[in-house]
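K.L.:
For the sequence shown, my numbering gives the first residue as 101, with consecutive numbering after it. Beta carbons are placed, not taken as given, at the ideal position from N, Cα and C, and that holds for glycine. Being a predicted model, the structure only gives us computed values, none of them experimental. Pasting a structure here, questions to come.
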Amino acid sequence: DVAIGVSGLRPLIDYRGQTDPYGYELKASVAAVADEIASAAELVMRKRDGVPVALVRGFEACAEEGSARELLRPEVQDLFRNF
Numbered sequence: 101d102v103a104i105g106v107s108g109l110r111p112l113i114d115y116r117g118q119t120d121p122y123g124y125e126l127k128a129s130v131a132a133v134a135d136e137i138a139s140a141a142e143l144v145m146r147k148r149d150g151v152p153v154a155l156v157r158g159f160e161a162c163a164e165e166g167s168a169r170e171l172l173r174p175e176v177q178d179l180f181r182n183f
């Protein structure tokens with residue numbers, strides 16, 4: 101599943117330059133938070149049960165204003181744009 105919009109949170113969290121629990125530097129880790137929330141919502145909605153919506157509350161990991169435009173890569177970096 102993917103998010104088709106976002107409000108009240110940043111759709112991406114950039115972990116590059118931070119360290120993991122073992123002290124290794126993260127070099128290519130960017131989480132698409134909006135998409136991950138959409139995927140988690142599908143687990144409670146159950147695709148075949150006809151539940152049309154899930155409400156996610158209390159998620160505070162990136163509670164600041166963002167835009168779905170952040171999910172768009174520059175055309176030269178987008179491997180899938182022409183498909």
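Using the rule of at least 16 other Cβ atoms within 10 Å of the residue's Cβ for burial, across every protein chain shown, is Leu109 buried or exposed?
P.N.:
The count along the sequence shown starts at 1 and reaches residue 109 at position 9. Leu109 counts as buried, since no fewer than 16 other beta carbons sit within 10 angstroms of its beta carbon.
K.L.:
Please check the pair Ala138 and Ala103, which I expect to be a contact at CB under 8 Å, by giving their CB distance rounded to whole angstroms.
P.N.:
Here residue 138 refers to the residue found at position 38 when the sequence shown is read from its first residue. Here residue 103 refers to the residue found at position 3 when the sequence shown is read from its first residue. Sure, about 5 Å apart at Cβ, within 8 Å.
K.L.:
Tell me, which residues are paired with Val130 by DSSP?
P.N.:
As a first step, residue 130 must be located in the sequence shown, where it is residue number 30. According to DSSP, which records beta bridges pairwise, Val130 is partnered with Asp114.
K.L.:
Tell me which residues share the same chain as Arg116 and place their Cβ nearer than 8 Å to its Cβ, disregarding the 5 neighbours each side in the sequence.
P.N.:
Sequence index remark: in the sequence shown, residue 116 carries index 16 (1-based). Only Leu126, Lys127, Ala128, Ser129 and Val130 meet the Cβ criterion.
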